[in-house]
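A.B. asks:
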Amino acid sequence: MDVRLPRLGEGAESGVIATIFVKEGDQVRKDQPVLELESEKAVATIPAPAAGTVGKIFVKEGDEIKVGALILSLAEDGAPTPTPAPGKPMIDVRVKEGEPGAAAIAVEPERPAAVPPPAVWGPFGAAEFPIVHPAGVPPPASPSLRKIARELGIDLHRVPGSERGGRIVMADLRTFVQRLQQAALAPRSAPAAAAAKPTPPRIDFAKWGNVSSKKLSQLRKAISAKMVESWTTVPHITQFDEVDVTKLMELRKKYASKYEAKGGHLTMTSFALKAVIATLKKHPIFNASMDEAAGEIVYKEYYHIGVAVDTEQGLIVPVLRDADKKSTLELSVEMNTLAQRTRDRKLALEEMQGGTFTISNQGGIGSGHFTPIINTPEVAILGIGRGAVKAVVQKERVVHRTMLPLALSYDHRVIDGADAARFMVDLVQAFGAITDADVKI
65 MDVRLPRLGE GAESGVIATI FVKEGDQVRK DQPVLELESE KAVATIPAPA AGTVGKIFVK
125 EGDEIKVGAL ILSLAEDGAP TPTPAPGKPM IDVRVKEGEP GAAAIAVEPE RPAAVPPPAV
185 WGPFGAAEFP IVHPAGVPPP ASPSLRKIAR ELGIDLHRVP GSERGGRIVM ADLRTFVQRL
245 QQAALAPRSA PAAAAAKPTP PRIDFAKWGN VSSKKLSQLR KAISAKMVES WTTVPHITQF
305 DEVDVTKLME LRKKYASKYE AKGGHLTMTS FALKAVIATL KKHPIFNASM DEAAGEIVYK
365 EYYHIGVAVD TEQGLIVPVL RDADKKSTLE LSVEMNTLAQ RTRDRKLALE EMQGGTFTIS
425 NQGGIGSGHF TPIINTPEVA ILGIGRGAVK AVVQKERVVH RTMLPLALSY DHRVIDGADA
485 ARFMVDLVQA FGAITDADVK I
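For the sequence shown, the positions run 65 to 505 when this note's numbering is used.
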């Protein structure tokens, strides 16, 4: 059987092979890891779909491959390896194991139906409808669904399946047709050619002196694309303020060792999570997203908070789910575990999706104020800088207090400046409202 790259998750269509664990001739068991693939912000392990002997390996470490690409051939245990007729592809069809006459039968696969291009593909061109099932192999769907697709001129290779194994059902076909219709009705005033980004010219930097170069990693490419998308499509505004965290520093000193014993780190991010959640509940627009296709603002009734983690490969944002339902200790332990798994590149894509608000704390590095970029489709992000002892006037007296810089970037399409100012005022108060009862174990 041919082993191909399966779908890795929503929005993940390719990756770079980081490690190959097997070699030609190796015996493998079902679900044994055969390679590691670096895909955007995660490293995924690809398992063997069945037990058998590795035949030919068609890829090497460092190759960039897409979903459906041929990885290796595998001779299943107890089954002969079929030999296709010259020039004719073959599908491996077997009767149930143990039945007499179990053998491979050569069957010519269905030819994919030609899909007529709609009048207008939309702003991103045909890339909106990529091939999601391997070419030369019939997409997984019932005969009746294939018949409907042929009559409509729909190429099922482009229809993502929602059932197990990527199987396509009627709801998937209906969704695809709706997307085609939306693309066909897109405004003609913005054709794909006008929206295409011109290729930048190559510059020979070596003519001015010695240089060295390093190929962009998949992670750095993903970060670059995400930041460009956010910065060019969302009007950013940043609101600045400071909060007195002198009492919080005392609480941290009092409970830090107890948190360490429980597997967590009591940090300023731990306090920020509690303060942010309390403030989001007062200002639900900051926990929302804009659905441009529907022309709606989606208010979320859950609080999944992303926390930016600095790694050697780049910035990664795992998500703490249902953060409003967890204690400061639970959040600190989970955050510590997620951060370690993030640095080890062991996160699944799902663990970086679904966030409603993001916190980026650069205080540990030593930075002060900065302007964080929104992690779309969220509408706001909080940046935290380094706390510093300052002379502050309180009740006509000059006292020394530890002041923490805050920077709130928000989507000005959804949030007005007055809303952001009110959010920041309430956030500062929420920091000040954290007491011993919120932290003690």
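The C-beta atom is built at its ideal place from N, Cα and C for all residues, glycine as well. Just so it is clear, the structure is predicted and the values come from calculations on it, not from any experiment.
Leaving out five residues on either side along the sequence, give the residues of the same chain with a beta carbon under 7 Å from the beta carbon of L509.
C.D. replies: For residue 509 there is no data in the structure shown, the boundaries of the chain being 65 and 505.
A.B. asks: Restricting to runs no shorter than 4 residues, where is the alpha helix (DSSP H) found entirely within the stretch 362-419?
C.D. replies: Taking only runs of at least 4 residues, the alpha helix (DSSP H) segments lying wholly in the stretch 362-419 are 392-407.
A.B. asks: Going by CA-CA distance only, name the one from F350, N400, T392, L472 that's closest to V443.
C.D. replies: F350
A.B. asks: Based on the DSSP output, what are the partners of M467 in its beta bridges?
C.D. replies: D308, A452
A.B. asks: What separation, rounded to the nearest whole angstrom, lies between the Cα atoms of E415 and G370?
C.D. replies: 10 Å
A.B. asks: Which two residues bound the contiguous alpha helix (DSSP H) that contains A501?
C.D. replies: Run containing A501: 500-503, per the alpha helix (DSSP H) assignment.
A.B. asks: Counting only the same chain and skipping the five closest in sequence on each side, list residues whose C-beta sits under 7 Å from that of F122.
C.D. replies: L134, I135, L136
A.B. asks: Below 7 Å between beta carbons: does that hold for K130 and S208?
C.D. replies: Taking 7 Å as the Cβ cut-off, K130 and S208 do not qualify as a contacting pair.
A.B. asks: Quick check on D480: buried or exposed, where buried means 16 or more other Cβ atoms within 10 Å of its Cβ?
C.D. replies: So D480 counts as exposed.
A.B. asks: Can you tell me which residues form a DSSP beta bridge with Y474?
C.D. replies: I301, A444
A.B. asks: Using a threshold of 7 Å, state whether the C-beta atoms of E314 and M467 are closer than that.
C.D. replies: no
A.B. asks: Run through DSSP, which three-state label would P207 get?
C.D. replies: helix
A.B. asks: With the cut-off set at 7 Å, would you say A339 and A494 are in Cβ contact?
C.D. replies: Cβ atoms of A339 and A494: closer than 7 Å.
A.B. asks: Thinking C-beta only, is R68 closer than 7 Å to G119?
C.D. replies: no
A.B. asks: Looking only at its chain, what residues have a beta carbon closer than 6 Å to the beta carbon of D490, apart from the 5 residues adjacent to it on each side?
C.D. replies: T343, K346.
A.B. asks: When the Cα of A455 is compared with those of V463, G449, I448, which residue comes out closest?
C.D. replies: V463
A.B. asks: Which residue marks the beginning of the alpha helix (DSSP H) containing R222, and which one marks its end?
C.D. replies: Run containing R222: none; DSSP gives neither H nor E here.
A.B. asks: Measure how close the beta-carbons of H368 and G419 come, nearest whole angstrom, since I'm counting them as under 8 Å.
C.D. replies: 5 Å
A.B. asks: Using the C-alpha atoms, what's the distance from Q426 back to I448?
C.D. replies: The straight-line gap from Cα to Cα measures roughly 6 Å.
A.B. asks: What I want to know is whether the C-beta of I81 ends up closer than 6 Å to one or more non-hydrogen atoms of the ligand NAD.
C.D. replies: In the structure on display, the ligand NAD does not appear, and there are no ligands present to speak of.
A.B. asks: When the Cα of R407 is compared with those of V80, V107, E100, which residue comes out closest?
C.D. replies: V107 is the residue among V80, V107, E100 whose C-alpha sits nearest the C-alpha of R407.
A.B. asks: Closest to A482 by CA distance: which of I445, I301, S281, V233 is it?
C.D. replies: If we check each option's Cα against that of A482, I301 comes out closest.
A.B. asks: Taking only three categories from DSSP, how would you classify L69?
C.D. replies: coil
A.B. asks: What would DSSP say about R284, mapped onto helix, strand or coil?
C.D. replies: Helix at R284.
A.B. asks: Measuring alpha carbon to alpha carbon, tell me which residue in S277, Q91, S294 is nearest H524.
C.D. replies: The question about residue 524 has no answer here: the residues shown for the chain are numbered 65 through 505.
A.B. asks: Only counting the same chain, and skipping five residues up and downstream in sequence, which positions put a Cβ closer than 8 Å to that of T506?
C.D. replies: No information on residue 506 is available, as it lies outside the stretch 65 to 505 that the chain covers here.
A.B. asks: Taking the straight line between their C-alpha atoms, what separation do you get for W272 and V292?
C.D. replies: 29 Å
A.B. asks: Looking at the unbroken beta strand (DSSP E) that takes in V80, where does it start and where does it end?
C.D. replies: Under the DSSP assignment, V80 falls in the beta strand (DSSP E) whose first and last residues are 78-84.
A.B. asks: Any idea if D236 is buried or exposed, counting beta-carbon neighbours within 10 angstroms, 16 or more meaning buried?
C.D. replies: buried
A.B. asks: Give the straight-line distance between the Cα atoms of K326 and P113, rounded to the nearest whole angstrom.
C.D. replies: Straight-line Cα distance between these residues: approximately 39 Å.
A.B. asks: Compare the Cα-Cα distances from R243 to each of R228, D308, P224 and report the closest residue.
C.D. replies: P224
A.B. asks: From K311 to I423, what does the alpha carbon distance come to, in whole angstroms?
C.D. replies: About 21 Å.
A.B. asks: Spatial neighbours of P441 within its chain, please: CB distance less than 8 Å, with the 5 preceding and 5 following residues excluded, ordered by chain position.
C.D. replies: S353, M354
A.B. asks: What does the alpha-carbon distance come out to for the pair R405 and L216?
C.D. replies: Each residue's Cα considered, the two are about 46 Å apart.
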